[in-house]
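Numbering (our numbering), first residue to last: 58 to 260.
Think of the CB as a built atom: it goes at the ideal place given N, C-alpha and C, for glycine as much as any other residue.
Note that the structure is a prediction, hence the values are computed from the model and not measured.
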């Protein structure tokens with residue numbers, strides 16, 4: 058897919074990044090992600106992913122308290138994610154509208170399917186965690202690691218976790234980074250590597 062002139066202008070800051078370039082931006086535009094999120098972390102991630110040109114599709118789950126932010130107004134809490142995205146995405150970025158691709162971005166707990174990439178947002182209530190898997194990463198190791206995580210942090214920490222999750226998803230979409238991994242996110246923005254739980258085949 059060749060970039061149109063208006064897309065080159067829109068995404069010029071990303072295209073200028075050596076790791077992205079024109080080919081990487083084409084991959085972001087060709088990709089797509091299904092969203093399962095009702096809170097600030099997942100909706101923040103969706104906003105950044107959509108702004109970068111990747112299609113975002115949401116399910117019918119209602120948005121919960123704390124979802125207000127880049128995409129959701131206070132009065133929209135309780136409405137379905139798909140209904141809200143259908144309203145806001147055309148204004149944010151029309152390139153992010155068509156549903157396509159097999160990516161998955163979800164707040165835990167969640168079910169996983171499709172080729173990937175997959176990005177899971179979770180934590181232990183005070184610390185955030187992101188577990189990610191590219192198309193070649195081990196499904197069993199990913200699921201074992203996400204099973205050990207629980208509630209997402211709220212407030213600014215949740216918003217920061219969402220922004221970081223979007224960046225990781227974008228890197229996976231353009232073929233950068235390891236096929237499998239996990240990181241922790243603690244206030245005031247301390248990023249740490251987390252150990253993956255290994256399945257019997259990989260352990």
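Can you check the segment 199–259 for any alpha helix (DSSP H) of at least 4 residues that lies completely inside it and give the ranges in chain order?
Taking 4 residues as the shortest admissible run, the segment 199–259 contains the following complete alpha helix (DSSP H) segments, listed from N- to C-terminal end: 212–230.
Enclosing alpha helix (DSSP H) for residue 134 [first to last residue]:
Counted from its first residue, the chain shown places residue 134 at position 77. Careful: residue 134 lies outside any alpha helix (DSSP H) and carries neither H nor E.
Could you spell out the range, first to last residue, of the alpha helix (DSSP H) harbouring residue 106?
Counted from its first residue, the chain shown places residue 106 at position 49. Under the DSSP assignment, residue 106 falls in the alpha helix (DSSP H) whose first and last residues are 97–108.
Classification of residue 61 by the beta-carbon crowding that lies within 10 angstroms, buried from 16 upward
As a first step, residue 61 must be located in the chain shown, where it is residue number 4. Exposed, by the Cβ-count rule.
Compute the beta-carbon to beta-carbon distance between residue 284 and residue 226, rounded to the nearest angstrom, for a pair I have assumed lies under 8 Å.
Residue 284 is absent from the model: the chain starts at 58 and stops at 260.
Please list the terminal residues of the continuous alpha helix (DSSP H) segment that includes residue 85.
Here residue 85 refers to the residue found at position 28 of the chain shown. In the DSSP assignment, residue 85 falls within the alpha helix (DSSP H) that extends over 78–87.
Would residue 163 and residue 94 be called neighbours here (beta carbons separated by less than 8 Å)?
Your numbering for residue 163 matches position 106 in the chain shown. Your numbering for residue 94 matches position 37 in the chain shown. Yes, these two residues count as a Cβ contact at 8 Å.
Residues near residue 259 by beta carbon distance below 6 Å, same chain, minus five either side
Residue numbering aside, residue 259 sits at position 202 when the chain shown is read from its first letter. Only 195, 198 meet the Cβ criterion.
Given a threshold of 16 other Cβ atoms within 10 Å of its Cβ, counted over all protein chains shown, does residue 148 qualify as buried or as exposed?
Counted from its first residue, the chain shown places residue 148 at position 91. It counts as exposed.
Nearest-angstrom beta carbon gap, residue 222 and residue 102 [assumed within contact, 8 Å]
Sequence index remark: in the chain shown, residue 102 carries index 45 (1-based). Sequence index remark: in the chain shown, residue 222 carries index 165 (1-based). Cβ atoms of residue 102 and residue 222 come within 8 Å of each other, at about 4 Å.
Status (buried if at least 16 other CB within 10 Å, exposed otherwise) for residue 152
Here the question's residue 152 lines up with position 95 in the chain shown. Buried, since its Cβ has 16 or more Cβ neighbours within 10 Å.
Which term fits residue 252, buried or exposed, when burial requires 16 or more other beta carbons within 10 angstroms of its beta carbon?
The sequence position of residue 252 within the chain shown is 195, counting from 1. With fewer than 16 other CB atoms across the displayed protein chains lying within 10 angstroms of its CB, residue 252 is exposed.
Kindly list the residues whose CB is nearer than 7 Å to the CB of residue 157, restricted to its own chain and excluding five residues on each side of it in sequence; keep chain order.
If you number the chain shown from 1, residue 157 lands on position 100. Hits under 7 Å: 89, 112.
Helix, strand or coil at residue 67 [DSSP, three-state]:
Residue mapping note: residue 67 aligns to position 10 of the chain shown, counting from 1. It is helical.
Among the candidates 132, 140, 182, 190, whose CA atom is the shortest distance from the CA of residue 159?
Along the chain shown, read from residue 1 onward, the residue named residue 159 stands at position 102. When only C-alpha atoms are compared, the closest one is 190.
Between residue 145 and residue 257, what straight-line distance do the alpha-carbon atoms span, to the nearest angstrom?
If you number the chain shown from 1, residue 145 lands on position 88. If you number the chain shown from 1, residue 257 lands on position 200. Rounded to the nearest angstrom, the two C-alpha atoms are 44 Å apart.
Unbroken beta strand (DSSP E) run spanning residue 177, endpoints:
Here residue 177 corresponds to residue number 120 of the chain shown, with the count starting at 1. Boundaries of the beta strand (DSSP E) around residue 177: 175–180.
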